[in-house]
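What follows is a set of notes on a single structure, which appears directly below.
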Amino acid sequence: MLVIVSLFLCLTGFYLLQWALKERKIVKGLPPGPRPKPIIGDLFDLPPPGALDWLHWLKHKELYGPISSVKIFGQTIIIINRHRVANELMEKRSGVHSSRPHVPVAELAGWQYTLGFVPYDSRLRAYRRALHQEMGNTTSISKYHNILDMETHCLLFHILKIPDCLMQHLRK
């Protein structure tokens, strides 16, 4: 029992020492932000439930400037509070910033080529082009009007027949 407690205390001390040394390093390239706490990071710097997010981040802008960052459970989030900067990053440099994070589980499940997991490259652009051709304009959508009408009639019939089961009808 004493060995287990000693091992636990040593590992905890090692983790805290490693975290303290890591936090002393100034991360180059990240905008300013609040000092993160161990493990949870800046979790308490997120907007509280029910608060208006934009007001919370406006106060954040006054403290840290137009571009700031928070770290939550090891994930860094960049907050951009200036329209011009956001526009430049999201529209003019979207090719640099638009890729998706690598998800190893998607590869294990064989989903690496599905639309939700493909990184921003020529394959994603081809997928989006094909999707836009199939669903992106009114003429292509008009192919589905008959199916939409039939499903709408079916839903309304079931709602009129058994109105108490509305959520079950909507999920069908």
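When the letters of the sequence shown are read in order and numbered with mature numbering (1 follows the signal peptide of the UniProt record, and there is no 0), they come out as residues -20 to -1, 1 to 152. Heads up, the beta-carbon is just placed ideally off N, CA and C, and yes, glycines get one too.
For residue i, the residue or residues it bridges with in DSSP
{"i": "T56", "result": "K51"}
Contacting residues, own chain, Cβ-Cβ under 8 Å from residue i (five flanking each side not counted)
{"i": "I57", "result": "S49, V50, K51"}
{"i": "P12", "result": "Y44, G45, S48, S49"}
{"i": "residue 154", "result": "Because the chain here runs from -20 to 152, residue 154 falls outside it and cannot be looked at."}
{"i": "L111", "result": "L95"}
Per-residue DSSP class, three states only, for residue i
{"i": "G21", "result": "strand"}
{"i": "Y100", "result": "coil"}
{"i": "Q92", "result": "coil"}
{"i": "V83", "result": "coil"}
{"i": "L10", "result": "coil"}
{"i": "G116", "result": "coil"}
{"i": "N67", "result": "helix"}
{"i": "I139", "result": "helix"}
{"i": "G45", "result": "coil"}
{"i": "K152", "result": "coil"}
{"i": "N61", "result": "coil"}
{"i": "L38", "result": "helix"}
Beta-carbon contacts of residue i that lie in its chain and below 7 Å, excluding the five residues immediately before and after
{"i": "H149", "result": "L135, H138, I139"}
{"i": "K123", "result": "none"}
Cβ-based neighbour list, residue i, same chain, cut-off 6 Å, excluding 5 preceding and 5 following
{"i": "P14", "result": "D22, D25"}
{"i": "F97", "result": "V83, A86, W91"}
{"i": "H36", "result": "P27"}
Nearest-angstrom Cβ-Cβ length linking residue i and residue j, presumed shorter than 8 Å
{"i": "S120", "j": "Q113", "result": "7 Å"}
{"i": "N61", "j": "K39", "result": "With a Cβ gap of about 10 Å, N61 and K39 do not count as contacting."}
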